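When you read off a place in the sequence shown, starting at 1, and then add 18, the result is the number in the numbering used here.
Where a beta carbon is used, it is the ideal one built from N, C-alpha and C, also for glycine.
These figures come from a predicted structure and were not determined experimentally.
What follows is a single structure, written as C-alpha cells, with notes after it.
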Amino acid sequence: MKAKDSGLCAVKGVRAFGIKPGKMGLAIIVAEGNAAGVFTRNKVIAAPLIVTREALGKNGKLAAVIANSGNANAFTGEQGLADAREMASILSERLGVDSDLVAVASTGVIGRKLDIGWIRDNVDEVMNGFAASPQGNSHAARAIMTTDTFPKMTAIELDCGVCIGGIAKGSGMIEPNMGTMLGFVYTDAALSSDVLDECLKEAVDRSFNMVVVDGDTSTNDMVLLTATGATGISPDINEFKAGLEHVLVDLAKQIAKDGEGATRLIEAQVTGAVSEEDARLVAKAIVRSPLVKSAIFGKDPNWGRVVAAAGSSGAELEQDKISLAFSNGVDTVYLVNEGKILSEDKEHLTKLEAIMGSSEVIIMVGLALGSANAKAWGCDLTYDYVRINAEYTT
Numbered sequence: 019m020k021a022k023d024s025g026l027c028a029v030k031g032v033r034a035f036g037i038k039p040g041k042m043g044l045a046i047i048v049a050e051g052n053a054a055g056v057f058t059r060n061k062v063i064a065a066p067l068i069v070t071r072e073a074l075g076k077n078g079k080l081a082a083v084i085a086n087s088g089n090a091n092a093f094t095g096e097q098g099l100a101d102a103r104e105m106a107s108i109l110s111e112r113l114g115v116d117s118d119l120v121a122v123a124s125t126g127v128i129g130r131k132l133d134i135g136w137i138r139d140n141v142d143e144v145m146n147g148f149a150a151s152p153q154g155n156s157h158a159a160r161a162i163m164t165t166d167t168f169p170k171m172t173a174i175e176l177d178c179g180v181c182i183g184g185i186a187k188g189s190g191m192i193e194p195n196m197g198t199m200l201g202f203v204y205t206d207a208a209l210s211s212d213v214l215d216e217c218l219k220e221a222v223d224r225s226f227n228m229v230v231v232d233g234d235t236s237t238n239d240m241v242l243l244t245a246t247g248a249t250g251i252s253p254d255i256n257e258f259k260a261g262l263e264h265v266l267v268d269l270a271k272q273i274a275k276d277g278e279g280a281t282r283l284i285e286a287q288v289t290g291a292v293s294e295e296d297a298r299l300v301a302k303a304i305v306r307s308p309l310v311k312s313a314i315f316g317k318d319p320n321w322g323r324v325v326a327a328a329g330s331s332g333a334e335l336e337q338d339k340i341s342l343a344f345s346n347g348v349d350t351v352y353l354v355n356e357g358k359i360l361s362e363d364k365e366h367l368t369k370l371e372a373i374m375g376s377s378e379v380i381i382m383v384g385l386a387l388g389s390a391n392a393k394a395w396g397c398d399l400t401y402d403y404v405r406i407n408a409e410y411t412t
C-alpha cells in the first residue's frame, strides 16, 4: 500500500467541504454506496446516532453525511431527535435523495438545544464548496473539530488499486468504546454492507477501541464506512482488512497524540499474553493510568507505575515473568527482564532520560505467558488538560 495526500477525497466518488467560522462548524460529505457503522456504548445516546443507526438499519446504504461541531445534540429529548431528523431532511432535499440515506453526526457540548436555524442558514455555503480535492477534505476535517488542535486525515492506495481514506475528530472524553470521536471513512472498493460491517468492527477493535485519553466514554461516538464501488474492484478481503486497519490506526494515533493538553504520545505494546483480550486489558490499563500519564508528562522514568497498572488490569500475569522496556523508536532501554531489575549505569540512565523527553514514548511489556499481542495509544496528563476541561463551556 502507498500513502495518498487527499484524505477521504482520494477515494473515487467522494466530495466534501466544511466551514467553521467560530465554535460552530458544519461539514458535508457526499458519496453513495453500501455502508456500515459503529456507535458508542454509552447508554446516554445522542440523537444523531439514533437517527443514523435507524437509517443504516433500513438499507445498509448512505448517500451523504452531515455533521456539526459545537453542539452534541445529546440529552436533548424529543426536540433533539426532531432536530437530528431535520438535519437529514435539509440535506436530502438539496441532494434529491431519501432522508434515510443521510447520516447525521454531532459533537460538542452535551445538554444544549441545537441551533437548527444556523445549520439551515449555512448548508448552502458548504454545498457550494464541494470538491473532490485535498482542500475539500481539509475543510471538512476542520469543520468537525472541537478542542482538537489539528485536523485528522489519512488515505492509502492498496496494491489492487483500491483507495481507503478518512477523516476523524477527537481530543477529549476519549475512552472507547469509543471516545468523543467521529470518524468518516470511505473506499472505492465494491463491497457489500455485510462485508463492510465485519471489516469495520474488526478494525475499530484494534484502533479506535484501543485509544484512551481520559477514561470517559462519550455520547456521540460514531465511525461510518462507505464503499462507493467506483473502481469496480472487489479486493482480496484480507488485503482490504489490512488496509482499513492501517487507516483506522493512523487516525486513532492522531487522536491520542492530540489529547487535550497533550505533549507526548504514549504507545503501549504488550506481548506474550495468554489471550488477545488479556493483552488489550494490560495495554489499555497502562495508557489509562493517571500515574503513568503524569510520569510521562514529567519525564519521570517511574516505571514501577507501569508494572502496577499491568497488575491491576485484570489480565493473567506472573510478576517473575514480566519484562519491561521504554523506547522512542530509535533507542530502547530495557528495565526489567523476566522479573529481574536490570542494572542502571550512567549510559543507561542518559538514554532513558532522552526517551522520556521524546514526543513519542513506547512502553514495551512482555508477559511471557502466551502468544497474544496488543497495542494501545494514549497521551500524557498535563496541567492544560484540567484547564481546557474546567473552561469547556465558558
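Anticipated Cβ contact below 8 Å, residue 246 with residue 29, distance rounded: Locating residue 246 in the sequence shown gives position 228, counting from the first residue. Locating residue 29 in the sequence shown gives position 11, counting from the first residue. Right, the Cβ-Cβ distance comes to about 6 Å (below 8 Å), so this counts as a contact.
8 Å Cβ cutoff met for residue 324 and residue 341: Here residue 324 refers to the residue found at position 306 when the sequence shown is read from its first residue. Here residue 341 refers to the residue found at position 323 when the sequence shown is read from its first residue. In this structure, residue 341 does not lie closer than 8 Å to residue 324 by Cβ.
Status (buried if at least 16 other CB within 10 Å, exposed otherwise) for residue 368: Position 350 of the sequence shown, counted from the first residue, corresponds to residue 368. By the neighbour-count rule (16 or more Cβ atoms within 10 Å), residue 368 is not buried but exposed.
Helix, strand or coil at residue 115 according to DSSP, with G and I counted as helix: If you number the sequence shown from 1, residue 115 lands on position 97. In the structure shown, residue 115 sits in coil (DSSP, three-state: anything other than H, G, I, E or B).
Reference residue 67, options 174, 390, 104 and 121, closest by Cα: As a first step, residue 67 must be located in the sequence shown, where it is residue number 49. With distances taken between Cα atoms, residue 67 lies closest to 121.
Euclidean distance between Cα positions of residue 234 and residue 343: Taking the sequence shown and counting its residues from 1, the one referred to as residue 234 is at position 216. Taking the sequence shown and counting its residues from 1, the one referred to as residue 343 is at position 325. Residue placement at residue 234 cannot be trusted, given a pLDDT of 48 that sits under 50; what the coordinates show is reported in the next sentence. So the two alpha carbons sit approximately 28 Å from each other.
Sub-8 Å separation of residue 83 and residue 128 beta-carbons: Taking the first residue of the sequence shown as position 1, residue 83 is located at position 65. Taking the first residue of the sequence shown as position 1, residue 128 is located at position 110. Contact: no.
Meets three-Cβ-pair contact criterion under 8 Å: the segment 293-304 and the segment 267-279: With a cut-off of 8 Å, the segment 267-279 and the segment 293-304 do not count as touching, because too few Cβ pairs lie within range.
Coarse secondary structure for residue 233, derived from DSSP in three states: Taking the first residue of the sequence shown as position 1, residue 233 is located at position 215. With a pLDDT of 48 at residue 233, under the threshold of 50, the predicted position of this residue should be treated as unreliable, and no value is reported.
Cβ shell of residue 33 (< 8 Å), same chain only, five flanking positions each side left out: Taking the first residue of the sequence shown as position 1, residue 33 is located at position 15. Counting only Cβ-Cβ distances below 8 Å, and skipping sequence neighbours, we find 27, 47, 48, 49, 148, 149, 150 and 154.
Candidates 322, 113, 392 and 261, of which the one nearest residue 144 by Cα: Here residue 144 refers to the residue found at position 126 when the sequence shown is read from its first residue. Here the closest residue by C-alpha is 113.
Per-residue DSSP class, three states only, for residue 346: In the sequence shown, residue 346 corresponds to position 328, counting from 1. Residue state, collapsed to three classes: coil.
Residue 385 versus residue 54: straight-line alpha-carbon distance, rounded: The residue labelled residue 385 in the question sits at position 367 within the sequence shown. The residue labelled residue 54 in the question sits at position 36 within the sequence shown. About 36 Å.
Buried versus exposed call for residue 396 [16 or more other C-beta atoms within 10 Å across all chains shown]: Reading the sequence shown from its first residue, position 378 is the one you call residue 396. Buried is the call here.
Residue 298 classed as buried or exposed, judged by whether at least 16 other C-beta atoms fall within 10 angstroms: The residue given as residue 298 occupies position 280 in the sequence shown. With 16 or more other CB atoms across the displayed protein chains lying within 10 angstroms of its CB, residue 298 is buried.
Candidates 351, 356, 373 and 374, of which the one nearest residue 363 by Cα: Sequence index remark: in the sequence shown, residue 363 carries index 345 (1-based). Out of 351, 356, 373 and 374, 351 has the C-alpha closest to the C-alpha of residue 363.
First through last residue of the alpha helix (DSSP H) which encompasses residue 167: Your numbering for residue 167 matches position 149 in the sequence shown. Element bounds for residue 167: n/a, residue is neither H nor E.
Contiguous alpha helix (DSSP H) assignments of at least 4 residues, all confined to the segment 137-177: Fully contained in the segment 137-177 are the following alpha helix (DSSP H) runs of length 4 or more, in chain order: 152-161.
Coarse secondary structure for residue 368, derived from DSSP in three states: Against the sequence shown, residue 368 aligns to sequence position 350. It is helical.
From 56, 168, 161 and 272, residue whose alpha carbon lies closest to that of residue 244: By one-based count along the sequence shown, residue 244 stands at place 226. Selected option, being the one with the closest Cα: 56.
Rounded Cβ spacing between residue 169 and residue 23 (contact assumed at less than 8 Å): Residue numbering aside, residue 169 sits at position 151 when the sequence shown is read from its first letter. Residue numbering aside, residue 23 sits at position 5 when the sequence shown is read from its first letter. Actually they do not touch by this definition, with Cβ atoms about 13 Å apart.
Inter-residue spacing [alpha-carbon to alpha-carbon] between residue 382 and residue 335: Position 364 of the sequence shown, counted from the start, is the residue given in the question as residue 382. Position 317 of the sequence shown, counted from the start, is the residue given in the question as residue 335. Cα-Cα distance, rounded: 15 Å.
For residue 315 and residue 286, the rounded distance between their alpha carbons: On the sequence shown, residue 286 is found 268 positions in, with the first residue counted as 1. On the sequence shown, residue 315 is found 297 positions in, with the first residue counted as 1. Residue 286 and residue 315: Cα-Cα distance of roughly 15 Å.
DSSP three-state assignment for residue 77, whether helix, strand or coil: Locating residue 77 in the sequence shown gives position 59, counting from the first residue. Here residue 77 sits in helix by DSSP.
Residue 381 Cβ short of 7 Å to the ligand SAM heavy atom set: In the structure on display, the ligand SAM does not appear, and there are no ligands present to speak of.
Residue 315, enclosing alpha helix (DSSP H) - first and last residue: Position 297 of the sequence shown holds residue 315. Per DSSP, residue 315 belongs to the alpha helix (DSSP H) from 308-315.
N-terminal and C-terminal residue of the beta strand (DSSP E) that residue 187 is part of: Translated into positions along the sequence shown, residue 187 becomes position 169. Segment 181-187, the beta strand (DSSP E) holding residue 187.
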